[in-house]
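First comes the structure, then the notes that go with it.
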Amino acid sequence: MLKSLRFIFISVFAGVVAAAIILSLGSDDDKQVTLVTNTAAPSGPVVQGPYSYADAVGQASTSVVNIYATKIRQQRISPLFDDPFFRNFFGDAFRGLGEQGRTRKENSLGSGVIVDPRGYIVTNNHVVADADEIKVVLSDGTDLEAEVVGTDPESDVAVLRVDNGKLPAITLGLSENLRVGDVVLAIGNPFGVGQTVTMGIVSATGRNQLGITSFENFIQTDAAINPGNSGGALIDARGNLVGINTAIFSKSGGSQGVGFAIPVDMVRGIMEQLVEHGEVSRGWLGMAGQDVTRALAESFGLENVDGVLISTVYRDGPAHKADILPGDVVTTINGNRIETAADIINLVASLPPGEKVSVTGWREGEPFERVVKLGRRPTTNER
626 MLKSLRFIFI SVFAGVVAAA IILSLGSDDD KQVTLVTNTA APSGPVVQGP
676 YSYADAVGQA STSVVNIYAT KIRQQRISPL FDDPFFRNFF GDAFRGLGEQ
726 GRTRKENSLG SGVIVDPRGY IVTNNHVVAD ADEIKVVLSD GTDLEAEVVG
776 TDPESDVAVL RVDNGKLPAI TLGLSENLRV GDVVLAIGNP FGVGQTVTMG
826 IVSATGRNQL GITSFENFIQ TDAAINPGNS GGALIDARGN LVGINTAIFS
876 KSGGSQGVGF AIPVDMVRGI MEQLVEHGEV SRGWLGMAGQ DVTRALAESF
926 GLENVDGVLI STVYRDGPAH KADILPGDVV TTINGNRIET AADIINLVAS
976 LPPGEKVSVT GWREGEPFER VVKLGRRPTT NER
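This is the structure:
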């Protein structure tokens, strides 16, 4: 059953829109994001009501924008003109014409969230990747040209900026406080029909190993999310941002009650690095492993199924220099319990290169502890 399903990034491609170039980042004075954060838990004990979430929506909806990103593609007339057999008859008179032709414009539709009153907007990388023109439409209908501040394909997060004076920034919540069963609302622009709000609950937290991005710690929700919602807001019942809607699990391409959002706690750190540096620098241990299952524990003679079995240690990497070996089982990093390989990736990636971490676990039935100085995780292009 699951094999017939597919993940769909919830943006829409259609239409013909005029092209422009992506603008450059603004002045250094603006490279510090001003965030409004609500650290209160999103939910308390069950009480009567509320029967309306209009106040929460009213607080957050003015911070949600529509994003239109245009890509210009060159269409070839015909590859025949560059074919050697064709040139044997006609010479080089037509050579190069195969690369010429009309331009084709692809428009990507998505959503975004204003997170700073100076015009910083968070969205998904897949909404704006390789765009030649980006237009943002505010909730009041104002059209603005947007510049790309920075993108992070590995988390599917991008930061844009528009210049229109002081803008209504959303209040950031704490996604770590979310509980399964909490009410959440998705705000975005599905199918380009205009700003739309849907309601659901948190179906699960910490979803990973889905193959959507390199760093996965998704909030799963049954709030209806459809194409065009990519980059939109997932808010709690108080109107605080708790996630950025990213993908759906669907056979048809429409909402089937299984949507995923990037937790705001992850987005916050990525966004701050993109604004300050234009890129994200992550810690790296230089090793890979797999979850310890019961079958794996029996195969390797392990006494329990806790931790991650290290399968690869990269030569001259941080783990190699700290004497961590293939076959070691890692159970904690800096005191944080490690249950899956994704736990290691997400925890280490949230730390800066150069930081020292304590790694504990088991080696041949004996406990061990190593202090590892983190390296810099290679980017996608560097691997």
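Just so we're aligned, residue 626 is where the sequence shown starts under this note's numbering, counting upward by one. Virtual Cβ for every residue (Gly too), placed ideally from N, Cα, C. Being a predicted model, the structure only gives us computed values, none of them experimental.
Mind checking who residue i pairs with in its DSSP beta bridge?
i	result
Arg786	Tyr745 and Glu772
Leu866	Leu797 and Ile860
Thr956	DSSP, once it has assigned bridges, lists no residue as partnering Thr956.
Asn961	Ile958
Glu731	Lys696
Thr821	Gly813
Enumerate in chain order the residues of its own chain whose CB-to-CB distance from residue i is below 7 angstroms, with the five nearest sequence positions on each side excluded.
i	result
Ile970	Phe840
Ile895	Asp777, Ser780, Val782 and Val905
Ala681	Leu810, Ile860, Ala862, Arg863 and Gly864
Ser677	none
Ala944	Leu910, Gly911, Met912, Val938 and Val997
I need the DSSP call for residue i, collapsed to helix, strand or coil.
i	result
Glu580	For the chain, the structure presents residues 626 to 1008; residue 580 sits outside this window and is missing.
Gly979	coil
Ile949	coil
Val805	coil
Gly857	coil
Phe816	helix
Asn919	Looking at the sequence itself, residue 919 is Arg, so the reference to Asn does not match. Three-state DSSP puts Arg919 in a helix.
Val889	helix
Pro992	strand
Phe840	coil
Asn691	strand
Leu910	coil
Gly884	strand
Lys998	strand
Ile850	coil
Val752	helix
Asp765	coil
Leu972	helix
With distance defined between alpha-carbon atoms, name the residue in the options nearest to residue i.
i	options	result
Glu897	Leu769, Glu758, Leu785 and Gly825	Leu785
Val892	Gly836, Gly942 and Gly798	Gly798
Thr695	Val753, Leu859, Val867 and Gly856	Val753
Leu934	Ala944, Ala922 and Gly836	Ala922
Asp931	Ile963, Leu866 and Gly911	Ile963
Glu731	Val740, Ala756 and His751	Ala756
Val982	Val689, Ser736 and Leu972	Leu972
Leu660	Leu866, Val808 and Gly926	Leu866
Might you give, ordered along the chain, the residues of its own chain that have their beta carbon closer than 8 angstroms to the beta carbon of residue i, omitting 5 neighbours on each side?
i	result
Arg988	Leu950, Gly952, Asp953 and Val954
Pro686	For the sequence presented, residue 686 should be read as Ser rather than Pro. Excluding sequence neighbours, Ser686 sits near Ser764, Ile812, Gln820 and Val822.
Lys791	Pro742 and Arg743
Phe993	Asp953, Thr985, Gly986 and Trp987
Pro978	Ser906, Arg907, Gly908, Trp909, Leu999, Gly1000, Arg1001 and Arg1002
Keeping to the same chain, check which residues put their C-beta closer than 6 angstroms to that of residue i; ignore five residues upstream and five downstream.
i	result
Arg907	Ala974 and Arg1002
Val787	Gly744, Val761, Leu769 and Ala771
Val917	Val930, Gly932 and Leu934
Examine the Cβ distances between the segment 847-865 and the segment 829-837 and report whether three or more of them are shorter than 8 angstroms. no
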